[in-house]
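The structure appears below as structure tokens.
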Amino acid sequence: MMDLSMMGPGALGPWAWGAIVAVALLAGLVKGMVGFAMPMIMVSGLGSIVGPDWALAGLILPTLATNGWQALRLGPAAAWAVVKRFRVFLGVALVALLISAQLVSVLPERVMLLMIGGPIVLFALTQLMGRQLRLAHPPKRAVELAVALVAGFIGGFSGVWGPPTVAYLTALETPKREQIQVQGVIYGLGAVSLLFAHLGSGVLRAETLPFSLMMVPLALAGMWVGLRLHDRIDQATFRRATLVVLLVAGLNLLRRALML
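The numbering used here puts the first residue of the sequence shown at 1379, with every later residue one more than the last.
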């Protein structure tokens, strides 16, 4: 694995840089289409080219930019309505995220990957097989608190807080336009917290900041294409696409855990 702490002219070959560009574009495209998966794709893809701290740093700024676009796509008023509706979820998840961000240097990577991947694979498989999990509107407070804690805790030390949140919104049968915006608001606020958390943890620093900045226009370009695709699909197709992306992401996380 190339150590980007030594990155300079010629430190990475053209194939490596081509792969980095492809990962950022793909992450943006998938996010634009289903509203999530950018951190999963970037952590997985970049992590096979650069060190884990560089992969995590690389996703922080593009995640912030794309979630801002996603959250405000239907206007500030609609975004604020989402904040009020999910205020408990947001508050609990953000506190958990800030606390768990400090575990980056102490928690074994295999444990982290298994904690994320296993439940997500199980959820996606059962949903695709027709055993749909549905939650009441509004959900029970205990359920909302539990999902928020899991999402925030995982997001802080891995940068990947999407799967538990998506599983939760899917179980609530949230309409696709609303689900996209809800995810944008939730992940956007989480991305702000992640930014400050990892300024404190040292993951985002003078050496890694330019790399993260370079990912932003690539991710935005991919997202623009993904949003065009999202507008063309119906609710049923959106739900299936969401579950397929969840399944693939979960399986890849398990693969990485077993290969460590």
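Where a beta carbon is used, it is the ideal one built from N, C-alpha and C, also for glycine. Just so you know, these numbers come straight off a predicted model, no measurement behind them.
Contact defined as beta carbons within less than 8 Å: I believe Ile-1438 pairs with Leu-1582. What is the distance between those atoms, to the nearest angstrom?
About 6 Å; that satisfies the 8 Å criterion.
Please state if the CB of Leu-1452 and the CB of Val-1544 are separated by a distance shorter than 8 Å.
Not in contact: Val-1544 and Leu-1452 (Cβ atoms no closer than 8 Å).
Below 7 Å CB to CB, which residues in the same chain sit around Ala-1455 once its five sequence neighbours on both sides are set aside?
Closer than 7 Å at Cβ, skipping near neighbours: no residue.
Quick one: give me the first and last residue of the alpha helix (DSSP H) that Arg-1583 is part of.
Where Arg-1583 is concerned, there is no enclosing alpha helix (DSSP H), given that its DSSP letter is neither H nor E.
Work out the CA separation of Met-1420 and Asn-1630 for me, nearest whole Å.
So the two alpha carbons sit approximately 12 Å from each other.
Please say whether Val-1560 and Leu-1547 have beta carbons closer to each other than 8 Å?
It is a contact, given that the beta carbons lie within the stated cut-off.
Under the three-state reduction of DSSP, which class applies to Arg-1451: helix, strand or coil?
Here Arg-1451 sits in coil by DSSP.
Can you find at least 3 beta carbon pairs, one from the region 1612-1623 and one from the region 1500-1507, that sit closer than 8 Å?
Yes, the region 1612-1623 touches the region 1500-1507.
What are the complete alpha helix (DSSP H) segments, minimum 4 residues, inside the region 1408-1447?
Whole alpha helix (DSSP H) segments, 4+ residues: 1416-1425.
Is it the case that the region 1604-1611 contacts the region 1391-1400, given that we only count it when at least three CB pairs across the two stretches are under 8 Å?
The region 1391-1400 vs the region 1604-1611: no contact.
Give me the Cβ distance between Ile-1558 and Gln-1448, rounded to the nearest whole Å; I'm assuming they're in contact under 8 Å.
So it is a contact: roughly 6 Å between Cβ atoms.
Roughly how many whole angstroms lie between the Cα atoms of Leu-1475 and Gly-1391?
Near 35 Å, if we compare the C-alpha coordinates of Gly-1391 and Leu-1475.
Going by the CB atoms, is the gap between Ile-1498 and Ala-1627 shorter than 8 Å?
Yes, these two residues count as a Cβ contact at 8 Å.
Which residue wins for smallest C-alpha separation from Val-1470, given the options Leu-1424, Ile-1532 and Val-1428?
Checking every option, the nearest Cα to that of Val-1470 belongs to Ile-1532.
Given a threshold of 16 other Cβ atoms within 10 Å of its Cβ, counted over all protein chains shown, does Met-1507 qualify as buried or as exposed?
When all chains shown are included, Met-1507 counts as exposed.
Can the beta-carbon of Gly-1436 be found closer than 8 Å to that of Ser-1590?
Yes, these two residues count as a Cβ contact at 8 Å.
Below 8 Å between beta carbons: does that hold for Met-1416 and Thr-1441?
Result yes, Cβ atoms of Met-1416 and Thr-1441 sit closer than 8 Å.
Under a three-way DSSP split, which group does Phe-1531 fall into?
Three-state result, Phe-1531: helix.
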